[in-house]
DNA sequence: TATTGTTATACTCTATAACTATA
DNA sequence: TATAGTTATAGAGTATAACAATA
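Residue numbers (the working numbering), protein chains in the order written: chain E, 363 to 522; chain V, 363 to 522.
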């Protein structure tokens, strides 16, 4: 069977919201207040990028600045993120994970991922591998959503 | 490189929200009021399942009944969906796409998919094919979210 | 009693517009 | 003028609880 970009696009439209719905429900069902998905994603970004600015977080998340500001604000209130000044450019803020934030990130990630891993293990090793590779490829396509369009072939994902 | 269910799960947590964010923005940026994602998904379901009940739609979408009720209500108000009685069981309602709903579904799908297809076409044919296969596999894992856990190996996707 | 669906209520996510402070 | 971020406001998406109608 020949599959084209159109098939892949159609499946993205169908499957991504489906899986998203699952993730959202899982995260909400954790005990302790838990993290929302944007909160969770923000923490992951800050885990990887020390001293990020709000704009950087917003761009990575594909959200507007006010939306991101509120999201981060909630995390600061919960003491999961530390917001401090950035002397080199006093318009900017500097964001980083607190020790508590790191713990919460690990805890939350572990619980939700555990359920996903169960599901993945229903699949064969080849299927799991194919999914990992495909998702890494998609990540390269969709990171930095607001950036320019690159027309070269992409060679799969790195990072981790 | 060996990839496990844990790699796949981790990538799902990272990439699915990323792509979701892209889809949401694209759908919102269409001219004419356009469809929200749950509305869009509801129409797709009704396109495939004539005379569905509200519960069936809710289960497919992985949403609670009141949430789904409101979503459908908006579609009925916009005359994209026809809600009628179901004489065999008068507690139920019968939902189906109107002619307008079908048109709107096609239009909305076409616009958003066109952007996705552009992105897919940055990739090689093999990458596109791998993504399509992986997503079809994921679909089989996540459809009917509230159903029992099946422990057999799954053989990829059918349907379309 | 159990099931199907709606209404009431509240909270989160998201956006745009208007604003402040800094460059 | 331009950029970084916040505040104000509004709308959509989601949930739980309480309810009505039917089985």
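Just so you know, even glycine gets a beta-carbon here, dropped at the ideal spot from N, CA and C.
Model, not experiment: these values are computed from the prediction.
Applying the 10 Å Cβ sphere with the 16-neighbour rule, what's the burial state of residue i?
i: residue 422 (chain E); result: buried
i: residue 448 (chain V); result: exposed
i: residue 491 (chain E); result: buried
i: residue 383 (chain V); result: buried
i: residue 462 (chain E); result: exposed
i: residue 439 (chain V); result: exposed
i: residue 429 (chain V); result: exposed
i: residue 519 (chain E); result: Reliability fails at residue 519 (chain E), whose pLDDT of 35 lies under 50, so the model's placement of it is uncertain and no value is given.
i: residue 374 (chain E); result: buried
Compare the beta carbon distance of residue i and residue j with 9 angstroms and say whether it is the shorter of the two.
i: residue 372 (chain V); j: residue 388 (chain E); result: no
i: residue 487 (chain E); j: residue 366 (chain V); result: yes
i: residue 399 (chain E); j: residue 410 (chain E); result: no
i: residue 466 (chain E); j: residue 405 (chain E); result: yes
i: residue 497 (chain V); j: residue 376 (chain E); result: yes
i: residue 396 (chain V); j: residue 470 (chain V); result: yes
i: residue 427 (chain E); j: residue 443 (chain E); result: no
So which of the options has the shortest CA-CA distance to residue i?
i: residue 433 (chain V); options: V:498, V:401 and V:391; result: V:401
i: residue 403 (chain V); options: E:385, E:420 and E:378; result: E:378
i: residue 464 (chain E); options: E:487, E:437 and E:430; result: E:437
i: residue 503 (chain E); options: V:493, V:396 and V:430; result: V:493
i: residue 424 (chain E); options: V:435, V:427 and V:381; result: V:381
i: residue 369 (chain V); options: E:469, E:500, E:478 and E:392; result: E:478
i: residue 499 (chain V); options: E:489, E:501 and E:431; result: E:489
i: residue 392 (chain E); options: E:374, E:472 and E:445; result: E:472
i: residue 420 (chain V); options: V:455, V:495 and V:482; result: V:455
i: residue 482 (chain V); options: E:390, E:435 and E:501; result: E:501
Name the DSSP beta bridge partners of residue i, please?
i: residue 444 (chain V); result: V:458
i: residue 494 (chain V); result: Looking at the DSSP assignment, residue 494 (chain V) forms no beta bridge with any residue, so it has no partner.
i: residue 414 (chain E); result: E:457
Item checked: Inter-stretch contact at 8 angstroms, needing at least 3 Cβ pairs: the stretch 450-468 of chain V / the stretch 403-419 of chain V -> Between the stretch 450-468 of chain V and the stretch 403-419 of chain V, the count of C-beta pairs closer than 8 angstroms reaches three or more; the two stretches touch.
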